[in-house]
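Chains R and B, in that order, are what the protein sequence lines are. The first sequence begins at 25 in my numbering and counts up one residue at a time. The second sequence begins at 52 in my numbering and counts up one residue at a time. From the three backbone atoms N, C-alpha and C, an ideal C-beta is built for every residue, glycine too.
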Amino acid sequence: MSSVITSSTVSAPVPMQRSRGYWASVWQRFTHDPVAMGAALVVLVLIAFALFGHSIAPADPYQSSMLKRLKPIGTPGFPLGADELGRDMLSRLIVGARLSLFIGITPVLCAFVLGTLIGLVAGYAGGLVNTVIMRVIDVFYAFPSVLLAIALSGTLGAGVVNSLISLTIVFIPQIARVAESVTTQVRNRDYVEAARASGANAFTIVRVHVLGNVLGPIFVYATSLIAVSMILASGLSFLGLGVKPPEPEWGLMLNTLRTAIYVQPWVAALPGAMIFITAISFNLLSDGLRSAMDNKS
Amino acid sequence: MTSLDIGGPAQPLLTITGLTKHFPLKRDPLGRGGGSVRAVDGVDFEVLKGETLGVVGESGCGKSTTARLLMHLIEPTQGEVVFDGCTVRGRDLPLKEFRRQVQMVFQDSYASLNPRLTIEDSVAFGPQVHGLARGAAVARARDLLARVGLEPARFAERYPHELSGGQRQRVNIARALALQPRMVILDEAVSALDKSVEAQVINLLLDLKAEFGLTYLFISHDLNVVRHVSDRVMVMYLGQVAELGPSDALFDTPAHPYTQALLSSMPSMDPDHRTEKAALAGDPPNPINPPAGCRFHPRCAHAAPLCSQTEPARIANGSARSVSCLIHQPGSGHPLAQPKEAVA
């Protein structure tokens, strides 16, 4: 930090150094935020689990053994115990990161693209178009997300793809609303007026002047939805609407272990702890992103 | 640039007739309310080629709305804009071409620049919209930045938040000029700047006007600045034109009671001419429900009973000096009006 200050004071009044772009300054602030960096580290570890889980896991996550059912944490060979079918919990938790993160992130990603598109159109067009689109969105928004996700998954049928689709539909209205309100704000800025006054058409204005100024806030909001999505996805798996056994997925593991809650409460709580850690890491990450992008100076 | 001049020097560059903008108010669910804010209510004026027309008036009198209507940034309720003999949006002058020839500089120098674009990209945006290749557009942007006093090597790749208010306003001026317009609308373009910076930017604007043969519509609430830069001045009150005339004549012998009051509110440098009492009391009336007759009569020192019933004639296009006041309308019946003969 001190080197930055001296370099700018030395070259006063007008520093000659090439200015950093907006994203470079965001990155600089982000890397100086210890909480956000901690959360980013956890997320990176989780992503490593998701990508290389099978090589990292000490044992085969599918290998069951009737003799080793529900071993407590710390049993030799089973550092985090064994589940109700005698499978190694540690390995299942590591390998489970892949499916859990996948069904947590994918719907948010799809909803981010579609919701931003809808919000941009509604926000930039304004007037009647806005009213029609946003009232339809409001109808979806009126349902509690859990209820809507369960209803949609129930209608579409169980399965990973269907639960992804239903979660995407749950998140589109939420992201579209944020996108619409940010776009409406940006649309009324003078620089958009100036762009219109230069004769540019709506598509060019949205591409050059609106998109860059709305993506940031929408992205931050979307990252905070990843945690919600993971919990909802786990909930769907828990209800038997998402991932099918014997696939390791945290929500499903929580479900199958719940009968053992009185026998091995700590083992049964482990998948929940993973969901909790992941959710809170994504939330802290999005908080850090928001404050890094907030700074105007 | 001269080849674009269609009607010759005598034809006004811009002729506005009956320009009106009513912003409708939302009705509540019971259907009450409705009505509209009459922001601009029947405005006629001309902008002559090569002149600077100053527009003054209190906040909310419709100055900025008029500017936005001219640029077609908002749709007029009624009225016609004729640019150099061609109706805007008519066959001869599509909106895009009109916008190339008329550009605008806004008051808020920060809000009018995209924070995510370098200033060079902001300036180059307009020419690219009008079909110039990116390389040529950036070259033109750099030339113009140099012309407005911002060394391209230092400034071209900076972002708006790295510049001061005066520098940003120079960028906005460069952006307006990038389309090689014939007319520039300056909507309070220097009002937000420090006095010293303001003077520099005004001098820059005057230099650019001479260099590029521009016509200015200069909107401001700063009467001294308007007098300094304008050839003619238009005084607006509550969405209408109160008075229009040559700058010196209007400032020396204001005819409309509102202009008189407005000018007497100017701080004087001479202690013998100290402003003793407020020339104008209260706020302008509500533009949702403007007073009947002359809109200024509730605050006017010379108001007669007649003023609340009869609307004075609007100012006339084409005449050098025009006042919209019953006092100056011969035979209007106002006690101060001359009976028959024309007023000088």
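Below-8 Å beta-carbon distance, residue i vs any chain R residue
{"i": "B:Gly177", "result": "yes"}
{"i": "B:Pro452", "result": "Since the first residue of chain B shown is 52 and the last is 395, residue 452 of chain B is not available in this structure."}
{"i": "B:Asp159", "result": "yes"}
{"i": "B:Tyr267", "result": "no"}
{"i": "B:Ser375", "result": "no"}
{"i": "B:His181", "result": "yes"}
{"i": "B:Ala225", "result": "no"}
{"i": "B:Met155", "result": "yes"}
{"i": "B:Met122", "result": "yes"}
{"i": "B:Ala240", "result": "no"}
{"i": "B:Ser271", "result": "no"}
{"i": "B:Arg403", "result": "No statement about residue 403 of chain B is possible, as the shown extent of chain B runs from 52 to 395 and does not include it."}
{"i": "B:Leu256", "result": "no"}
{"i": "B:Ser115", "result": "no"}
{"i": "B:Tyr309", "result": "no"}
{"i": "B:Leu230", "result": "yes"}
{"i": "B:Arg150", "result": "yes"}
Inter-residue spacing [alpha-carbon to alpha-carbon] between residue i and residue j
{"i": "R:Pro270", "j": "R:Phe306", "result": "27 Å"}
{"i": "B:Arg140", "j": "B:Leu146", "result": "5 Å"}
{"i": "R:Arg116", "j": "R:Gly101", "result": "14 Å"}
{"i": "R:Phe243", "j": "R:Phe136", "result": "8 Å"}
{"i": "R:Asp214", "j": "B:Ala250", "result": "24 Å"}
{"i": "R:Leu278", "j": "R:Asp311", "result": "28 Å"}
{"i": "B:Ala395", "j": "B:Ser375", "result": "The predicted model places B:Ala395 with a pLDDT of 44, which falls under 50 and marks its position as unreliable; any figure quoted below should be read in that light. Their backbone Cα atoms lie some 14 Å apart in a straight line."}
{"i": "R:Thr228", "j": "R:Thr207", "result": "15 Å"}
{"i": "B:Gly85", "j": "B:Leu257", "result": "45 Å"}
{"i": "R:Val252", "j": "R:Gly240", "result": "19 Å"}
{"i": "B:Pro398", "j": "B:Ser215", "result": "Limits of chain B in this structure are 52 at one end and 395 at the other, which puts residue 398 of chain B out of reach."}
{"i": "R:Ser88", "j": "R:Gly236", "result": "51 Å"}
{"i": "R:Ala146", "j": "R:Val156", "result": "9 Å"}
{"i": "R:Arg282", "j": "B:His212", "result": "56 Å"}
{"i": "B:Val199", "j": "B:Ala192", "result": "11 Å"}
{"i": "B:Val88", "j": "B:Gly296", "result": "28 Å"}
{"i": "B:Ile236", "j": "B:Phe269", "result": "6 Å"}
{"i": "B:Asn254", "j": "B:Thr116", "result": "26 Å"}
{"i": "B:Leu331", "j": "R:Val202", "result": "46 Å"}
{"i": "B:Asp135", "j": "B:Ala61", "result": "10 Å"}
{"i": "B:His379", "j": "B:His348", "result": "14 Å"}
{"i": "B:Asp56", "j": "B:Gly177", "result": "22 Å"}
{"i": "B:Pro32", "j": "R:Leu68", "result": "Nothing about residue 32 of chain B can be reported from this structure: the residues present for chain B run from 52 to 395 only."}
{"i": "B:Asp143", "j": "B:Pro232", "result": "17 Å"}
{"i": "B:Thr103", "j": "B:Arg372", "result": "15 Å"}
{"i": "B:Ala306", "j": "R:Gln209", "result": "43 Å"}
{"i": "B:Pro318", "j": "B:Leu230", "result": "39 Å"}
{"i": "R:Asn212", "j": "R:Val160", "result": "24 Å"}
Presumed contact (8 Å Cβ cut-off) between residue i and residue j, rounded CB distance
{"i": "B:Val286", "j": "B:Thr310", "result": "5 Å"}
{"i": "B:Gln220", "j": "B:Val252", "result": "6 Å"}
{"i": "B:Pro63", "j": "B:Leu99", "result": "5 Å"}
{"i": "B:Met122", "j": "B:Ala227", "result": "Contact flag wrong, Cβ pair sits at about 11 Å."}
{"i": "B:Val94", "j": "B:Val284", "result": "Rounded, the Cβ-Cβ distance is 15 Å, inconsistent with contact."}
{"i": "R:Leu104", "j": "R:Leu294", "result": "6 Å"}
{"i": "R:Ala221", "j": "B:Leu124", "result": "6 Å"}
{"i": "B:Asp159", "j": "B:Gly290", "result": "Not a contact, Cβ separation roughly 23 Å."}
{"i": "R:Arg93", "j": "R:Gly120", "result": "At roughly 19 Å, the Cβ-Cβ gap does not stay under 8 Å, so R:Arg93 and R:Gly120 are not in contact."}
Test: residue i CB closer than 8 Å to a CB of chain B
{"i": "R:His233", "result": "yes"}
{"i": "R:Ser222", "result": "yes"}
{"i": "R:Thr228", "result": "yes"}
{"i": "R:Tyr46", "result": "yes"}
{"i": "R:Ser26", "result": "Note that R:Ser26 scores 43 on pLDDT, short of 50, meaning its location in the model is unreliable; the coordinates nonetheless yield the value given after this. Closer than 8 Å: no."}
{"i": "R:Arg159", "result": "no"}
{"i": "R:Arg201", "result": "no"}
{"i": "R:Glu217", "result": "yes"}
{"i": "R:Asn237", "result": "yes"}
{"i": "R:Arg213", "result": "yes"}
Runs of alpha helix (DSSP H) wholly within the stretch 181 to 218 of chain B (minimum 4 residues, chain order)
If we require 4 residues or more, the alpha helix (DSSP H) runs fully inside the stretch 181 to 218 of chain B come out as 185 to 198 and 203 to 206.
Flag this pair as touching only if the stretch 173 to 192 of chain B and the stretch 245 to 265 of chain B have three or more C-beta atom pairs under 8 Å; answer yes or no.
no
At least 3 beta-carbon pairs within less than 8 Å: the stretch 57 to 77 of chain B vs the stretch 69 to 78 of chain R
In this structure the stretch 57 to 77 of chain B does not touch the stretch 69 to 78 of chain R; the number of beta carbon pairs closer than 8 Å is below three.
Determine, using beta-carbon pairs with one atom in the stretch 251 to 258 of chain R and one in the stretch 57 to 68 of chain R, whether at least three such pairs fall under 8 Å.
no
Report yes or no: do the stretch 184 to 199 of chain R and the stretch 132 to 146 of chain R share at least 3 C-beta pairs separated by less than 8 Å?
yes
Sequence ranges, alpha helix (DSSP H) only - wholly within the stretch 47 to 93 of chain R, length at least 4
Whole alpha helix (DSSP H) segments, 4+ residues: 58 to 80.
What are the start and end residues of each continuous alpha helix (DSSP H) run of 4 or more residues lying completely inside the stretch 244 to 301 of chain B, in chain order?
246 to 263 and 274 to 280
Let me know the alpha helix (DSSP H) ranges lying completely inside the stretch 195 to 223 of chain R, each 4 residues or longer, listed in chain order.
Taking only runs of at least 4 residues, the alpha helix (DSSP H) segments lying wholly in the stretch 195 to 223 of chain R are 214 to 221.
Any contact between the stretch 118 to 126 of chain R and the stretch 282 to 302 of chain R? By contact I mean 3 or more CB pairs, one from each, below 8 Å.
yes
Please list the segments of the beta strand (DSSP E) lying wholly inside the stretch 223 to 310 of chain R, counting only runs of 3 or more residues, in order along the chain.
For the stretch 223 to 310 of chain R, not a single whole beta strand (DSSP E) run of length 3 or above is found.
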